[in-house]
Amino acid sequence: MIDPDGFRPNVGIVLMHEDGRVFWARRVHRDGWQFPQGGMNTDETPLEAMYRELREETGLLPEHVDVLGATPGWLRYRLPPRAVRRHDRLVCIGQKQVWFLLRFKGADDDLRLDLTDKPEFDGWRWVDFWYPMEHVVTFKRGVYARALDHLAPFARAVAGAQAVPPPAEGLLPPPRPSLRRFGRR
33 MIDPDGFRPN
43 VGIVLMHEDG
53 RVFWARRVHR
63 DGWQFPQGGM
73 NTDETPLEAM
83 YRELREETGL
93 LPEHVDVLGA
103 TPGWLRYRLP
113 PRAVRRHDRL
123 VCIGQKQVWF
133 LLRFKGADDD
143 LRLDLTDKPE
153 FDGWRWVDFW
163 YPMEHVVTFK
173 RGVYARALDH
183 LAPFARAVAG
193 AQAVPPPAEG
203 LLPPPRPSLR
213 RFGRR
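Quick note on the working numbering: the sequence shown kicks off at 33 and runs consecutively.
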């Protein structure tokens, strides 16, 4: 499913340990690390897609997590030109995502990356809250920064300000200017 602007609806998952560290996973057969994420089916809400992706990519069930917060709308990123498949009937230029912050209530043994025929990840670890902003692939850095910035207050409410301090200077992108529509006030 791709919207008229060329963006594929998707959900992103920030799984947070009680101490403020977040789940960081390595893509199968690749060097890249990222948060769990995945596309939405046409009949799913973002919350339903999040729980499905959580199960598929981490093996976790709803009883292993609490939903702490979500972005209020879509956050978008564009794919690099080399990743855009122009021969497809509908060209996908990027993803639009709703991001969720989940508190992990389970044990590390509950995390299972091998429950599907084609696992997304082959390794994982807990990292500091802001670590992913500097270590995800470049084209996703802006959306990670916006998602983490929005979700940080929810994380601080659980883990405390010392576990989720403000990000280092220069890590967050500058605020985006608001768009004005001509002829409306």
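Heads up, the beta-carbon is just placed ideally off N, CA and C, and yes, glycines get one too. What you are looking at is a predicted structure, and each value in this text was computed from that prediction instead of being measured.
Option nearest residue i by Cα separation, candidates the options
i: Phe153; options: Trp56, Leu133, Leu122, Lys137; result: Trp56
i: Leu220; options: Asn42, Val168, Pro199; result: Nothing can be reported for residue 220, as the shown portion of the chain is limited to 33 through 217.
i: Arg62; options: Thr90, Pro151, Leu134; result: Pro151
i: Lys183; options: Glu201, Leu133, Trp65; result: The sequence shown places Leu at residue 183, not Lys. Comparing Cα-Cα distances from Leu183 to each of Glu201, Leu133, Trp65, the minimum goes to Leu133.
i: Tyr109; options: Ala189, Asp37, Val196, Arg188; result: Asp37
i: Tyr163; options: Ala189, Val196, Cys124, Leu93; result: Val196
i: Phe136; options: Leu111, Gly44, Glu50; result: Glu50
i: Leu147; options: Gly174, Pro78, Leu93, Asp35; result: Leu93
i: Asp35; options: Met82, Gly64, Arg121; result: Arg121
i: Arg58; options: His167, Asp181, Arg84, Arg87; result: His167
Those residues which DSSP pairs with residue i across a bridge
i: Val43; result: Gly70, Val130
i: Met48; result: Val54, Arg135
i: Trp65; result: Arg58
i: Gly101; result: Leu133
i: Pro153; result: Note that residue 153 is Phe in the sequence shown, not Pro. BP columns for Phe153 point to Arg59.
i: Trp158; result: Phe55
Where the alpha helix (DSSP H) containing residue i begins and where it ends
i: Val168; result: No alpha helix (DSSP H) contains Val168, which DSSP labels as neither H nor E.
i: Arg121; result: Run containing Arg121: none; DSSP gives neither H nor E here.
i: Leu86; result: 78-90
With 16 other Cβ atoms within 10 Å as the buried cut-off, status of residue i
i: Gln194; result: exposed
i: Met72; result: buried
i: Val97; result: buried
i: Lys172; result: buried
i: Arg178; result: buried
i: Gly44; result: buried
i: Glu201; result: exposed
i: Glu95; result: exposed
i: Ala189; result: exposed
i: Gly155; result: exposed
Residue i and residue j closer than 8 Å at C-beta
i: Met165; j: Pro199; result: yes
i: Phe39; j: Lys128; result: yes
i: Thr74; j: Met48; result: no
i: Val54; j: Val46; result: yes
i: Gly101; j: Phe161; result: no
i: Leu145; j: Thr103; result: no
i: Leu111; j: Ile125; result: yes
i: Val116; j: Val123; result: yes
i: Ala139; j: Gly52; result: no
i: Val169; j: Gly64; result: yes
i: Gln69; j: Glu88; result: no
Extent of the continuous beta strand (DSSP E) run through residue i
i: Arg110; result: 107-110
Residue i: CB within 7 Å of a non-hydrogen atom of the ligand HEM
i: Ala195; result: By its list of ligands, the structure shown contains no ligand whatsoever, and the ligand HEM lies outside what it can speak to.
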